[in-house]
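Protein chains in written order, with UniProt numbering: chain H, 1 to 281; chain Y, 1 to 281; chain X, 1 to 281; chain G, 1 to 281; chain Z, 1 to 281; chain V, 1 to 281.
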């Protein structure tokens, strides 16, 4: 996809209406440096208003999804220095800019959720730290048998601050498990991840997992984009509001859908038992 | 129940304090026309202030719970026409009234939740589209082995707008699964539904499932209605508020219970190890 | 722990940074009288600003975790009398003070959640009524094979009002199950409790369960307390807010962590693959 | 207006697109019996989907806007009896139905706000108790010189429960004043009411005040109903949400307006400096 | 009042059901040391469940309401030292305890609001810093002509953190003014304070102002305490919630009032045009 | 200020730490084309992390603050065409992108509020439509005698959607007035604007008004930036949250301030009665 040129990401067309985003720093076990998460923010923000993208498969190159934050870069960077507790910069001043930095980081990861197009993620090897924040912002999670998951932040002396603590408890309905893995940073295998509902399915190889993800993304991309985008947007809105507020917002949102051609097209096709074709958004 | 006369619903006494509501359009596979959902709204609103009703079993006649929205009626109705994207009615004007229409529809389905009396639903055959919205508003879901479930709306060109997107993610603790089935409209069998927690139990036949539902509803109807109604009301309130706000509202709500005779009756019976009798609400 | 002297609780050091709180009224099956819950409130409030306590194991003496509220005391107490629906005290006046009483009770149980230090609870024998409220406020739940759980309040003529209805649906992702057990007060065995995610693991004996709890608490206590306390605090905050508000608050919270020595210590240790030592809070 | 037949209200056309609602029980000083507020609920709910009504003038017949609740009816009614604190009906049961009664009453008064068409109210003589709840739900308040206002509920032994305590502090930016008048039930003259912003303007006679109200309602009715209805709806929504949530909902709402003919019509007319004509909703 | 013994406060009976609280450190211009605000928290918390107190007059001894925080104590105290930015205590650890300290301070001031009994405050001389936080938590503000007001915190290098920034914008409906005085710390005279609605009335002398406050408190104390306490509680609740949520909570709250004797007493007295007598809470 | 180069804005240093932003399209009466609001968004976003900017004066060149939206550009632009209700683009697809467009526009105006540095705005001549949205996002409003204000959107067939309906009712405590001017689009003179609290003060000439604004901005810029930025940030946060949530967030925010050198510097200076110097953020 020529309009999506990045250093740390490969973006390609995986099928009709399906974009494939590959995190591509295998030599560093896809550790997240600033460039990586900045590009993820840019890429998914661009997806939001790109009608050609109807669903996304997110994956990572090499033997591991991601080793987490690139700690060496974090220590070497100017931020690492600014963060030095022994520096003589006033703590309120350092804190003001740190807060802005964290908000930027969060915003980049949240772009995956905000883009309104469903994102299926495939995890192989390990998924540590920021990797958990990232996959928690995706819609559907698929893993290989060798995958494992670690909420690693507590081991680098901080609470996770880019989304895991907000989203994980709302995507896995087992709070006792969520808290245990967040406090202990213990390693969770793909079987356990499947059992608690962190991932939807587990495949023997990365190839099979990718195939499953692309098939699912393909099915989604063939549906009415008005319906699909609305469904993702409203699921996210409703998660963050009461049922009553979710319904109120939904009624307003769907006044547009009720005036769209897609609904008539879909109903007529459904009554005729034919497959409908829907133009892009 | 003589005060509950409807066209599309059969309402009967299923046991002491238990009402049975049967959706009764088997010839149309219980497809929901406007009459059906309007009556559901009326029936459960009436339950709310009917002290004789302490719990409800909801079911449907024939081989299938519901095929979903009655698409033929939807297309033929004046709303269907008004919804025509090619009509020359101004879209803001159409949209204003569509929004009111959706709010009315939502309100009818939400009446099941708002009625304050626990509702156990039995699903056999298929449960599609609006059927999912409806059972998500019930308290306990029981299925037969042949039951299957489809969040169908995406296939008619729209996001579900009568409750599924609001309630389903809050009743099933597996967001990866919820999103998958909402985006793909794939068919979910009763075994899978049980595994993810969409239904509480699965029985071989409709008769066995109905028996289980009626037994459970009977147990509930024999408890103090002050306690039961409060429990349902507070579970719903607390789902939509922070833990702190839920506790604050609960403390206020229970000032009435603490002054009720039921609590004294129940405690004395409990200490005597006798079954207590509680008058109706 | 000499500063923690209570009548109904034994508080001891269970390991480096780990406090053990034992409810100690085995002769009454650990039924909760006013003294018991008052002391729980005091004990966990004290933990909050006690840097020596980094994690907590909560358990109960004897063959059962708790039989629930001490009904005899409740009936005999002045509150029991004030609660008499046949007394001639004006109901609005009684109600005003009952509300304050319930708020106090809630506040004592919520202290477990508010204390910011992770709490692992071990349940053996039965856990009834107020016991459910209490374990719902803990972080991780571990059970013995003989354990069973009952949301008992409906059987004493009232809706649960000290936390179960607020927290249980947010820690177990199966609303059909939650509502069934809240309306029917039926007994749930440890196997079922494990399956729905109420408890994290089940052990044959109390000894083994305690060992597992203490091991987990020990692992947590060895981590950076800045990271652990932040993680618990932010998980609780985020449960009660939208993802967006949770992220905003987290960014602010972590400005302190980013200026702490722990992060540098942890990162350096991690890069050196050494175990880090973190001073107490 | 032939479709608006009521016992206690006169509804007439006051001008192009302007409905006039007159509370008409002057012999009882427009005291509110159940019939009166029930009809207000019905009337304004009907306005909501009546495209011929673009704005409303609300007023009352006789020398006084309203003396407040009809206390004699309240005491004589079955509710009055049910409310008897000395009756032997269980307080939790009485309370359950009282709550539903108050919610119905609130809903009737809130219909004025929910109807989406701006309501200008004219107050002459006195406006007591429920009268304050009612005018607080209106958009613009105009008074005569002899008008006075009393938040009377505290004098009948209760906190106001149909809207004054919710809306008054949000329409008058002087909390010290609001609280004083709510705690003391003191009489506020029209001059003071103007000064604190409770009313927009004061006129010597009812005739002049009515003229001003009808002029303003006429101006509003000549604007695009898409714009006017949206403005009222969004002002109400935004009052009850954060600025951010208000903006988000507004962006969604206005997607319809941006596709309406009214905007093009209005802009073209504005550039040509001509008066635009807008069809009804 | 023998149960109210404090070092920095004088608490006395000012009239039937009216308590008078006088801040009594005139030699220090009533500067707030830790003892002062701790006692305010204790005193008003005690009022909450003291049926003999129906309304409160808050005032201060000497020529000035308060000079604000006692800066000398703040610098000398252990907290002042702990707060030293140059100390080598880890900032995340200092921060954790500072946060708890601020929460305690806030809680003490909020006790004035939480106590449910209306508080009329009289301000003479100056009211600086913490004084603004305190009077913002009162219900009605009365001033003398020589009074002046300063939101002083910005001048001691911090944002106000005990309530002014939360409450002032909600009690004065002029945000341009609020922000100006919060950013500039400029002095506001009593005339200007009256004009913007910060105070309800201005009197020439402290004696006259006290007389007005005591008269108003006396009027309030003679009303039904069920009605008055409910009114204050619901005004506070409704300020912090949407109109809809405020109404819902109010309907629940008033189920108690509707079953109280006060309402019948008040209505009968009102119809007979007699003064009613209401027992204490 | 060399880093602030814009087409439609002049940005200059107005005093120590004070930036002056002048909207500079006097030939078009400062009508807002897309370039104008885009640059406002960019400029104030840049201020947020520019430590040299401590406060801002916003003004406009020529005889009028702004005539509102540039209608000719709006009609001619591609968006104007896309917005054509008679185009054959599917309304749900048009609507999706219109919504994103409005959100971008809102975001640009909200940057004024989000930048954390206080903004004093000076209005001369007229302030129409988008001008009202803009000044509502400022902190302090100052006007000249010839200034007038019009909430103009209703006259172009739409509800205001860039902030007026959200912010105006929260900055002016007179809802009757707010609604009247929003529904009627009537012209409000500077005297009336002052009376209702829309503006803080009125000056005879633009020069005098600018002088007053710059003096105020200068006073603010001389204070501790930690204190000032915190005050603005917390005022905005608290407006959008309950008092309780505002306090909780404030306690966390100020843990940084309590560890800053500014507080010590300020207190010492205050005790010495000297002016303190505070380094930039």
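The beta-carbon is built from N, C-alpha and C at its ideal position, and this holds for glycine as well.
| Query | Result |
| --- | --- |
| Among H:45, H:66, H:160 and H:136, the one whose alpha carbon lies nearest that of residue 114 of chain H | H:45 |
| Contact set for residue 24 of chain V: own chain, Cβ-Cβ below 8 Å, skip 5 residues either direction | 8, 9, 10, 30, 60 and 61 |
| Neighbour-count burial assignment, residue 174 of chain Z, 16 or more Cβ in a 10 Å radius | buried |
| Spatial neighbours of residue 262 of chain G in its chain, beta-carbon cut-off 6 Å, leaving aside the 5 residues before and after | 224, 226 and 278 |
| Residue environment, residue 39 of chain H, which counts as buried when at least 16 other CB atoms sit within 10 Å | buried |
| Reduced DSSP secondary structure (H/G/I, E/B, other) of residue 55 of chain V | strand |
| Separation of residue 97 of chain Z from residue 119 of chain X, as counted between CA atoms | 20 Å |
| Alpha-carbon to alpha-carbon, residue 186 of chain H and residue 275 of chain X | 15 Å |
| Straight-line Cα distance separating residue 106 of chain X from residue 247 of chain Y | 7 Å |
| Min CB distance residue 334 of chain Z to chain H below 9 Å | Since the first residue shown for chain Z is 1 and the last is 281, residue 334 of chain Z is missing from the structure and cannot be characterised. |
| Option in X:265, X:144, X:103 and X:36 with minimal Cα separation from residue 193 of chain X | X:144 |
| Residue 167 of chain G, DSSP secondary structure in three states | helix |
| Closer than 9 Å to chain X by CB, residue 228 of chain Z | no |
| Closest by C-alpha distance to residue 121 of chain Y, when choosing among Y:236, Y:199, Y:260 and Y:129 | Y:199 |
| Chain Y contacts from the segment 116-148 of chain H (Cβ-Cβ distance under 8 Å) | 118, 139, 140 and 141 |
| Residue 19 of chain Y (DSSP reduced to helix, strand or coil) | strand |
| Opening and closing residue of the alpha helix (DSSP H) in which residue 34 of chain V lies | 34-48 |
| Closest residue to residue 99 of chain Z among V:258, V:268 and V:266 (Cα-Cα distance) | V:258 |
| Alpha carbon of residue 58 of chain Y to alpha carbon of residue 112 of chain X, nearest angstrom | 40 Å |
| Euclidean distance between Cα positions of residue 256 of chain Z and residue 93 of chain G | 12 Å |
| Opposing strand residues paired with residue 150 of chain H [DSSP bridges] | H:128 |
| 9 Å Cβ cutoff, residue 253 of chain V in contact with chain X | yes |
| Residue range of the beta strand (DSSP E) that includes residue 143 of chain Z | 140-144 |
| Enclosing beta strand (DSSP E) for residue 123 of chain Y [first to last residue] | 119-123 |
| Any chain X beta carbon closer than 9 Å to residue 257 of chain Z | yes |
| Beta carbon proximity, residue 249 of chain Z to chain Y, threshold 9 Å | yes |
| Pair within 9 Å by beta-carbon distance, residue 161 of chain X and residue 102 of chain X | yes |
| Cβ neighbour criterion (16 or more within 10 Å) applied to residue 3 of chain V | exposed |
| Cα-Cα separation, residue 110 of chain V to residue 154 of chain V | 21 Å |
| Local Cβ density within 10 Å of residue 281 of chain Y, reported as buried at 16 or more and exposed below that | buried |
| Residues of the segment 163-178 of chain V with Cβ closer than 7 Å to any Cβ of chain Z, in chain order | 170, 171, 172, 173 and 174 |
| Residue 183 of chain V - containing alpha helix (DSSP H), residue span | 175-184 |
| Chain-ordered residues of the segment 95-117 of chain G with a beta carbon less than 7 Å from chain V | none |
| Residue 164 of chain G versus residue 133 of chain G: straight-line alpha-carbon distance, rounded | 4 Å |
| Closer than 9 Å to chain Z by CB, residue 186 of chain G | yes |
| Enclosing beta strand (DSSP E) for residue 329 of chain V [first to last residue] | Any property of residue 329 of chain V remains undetermined from this structure, which presents chain V solely from 1 to 281. |
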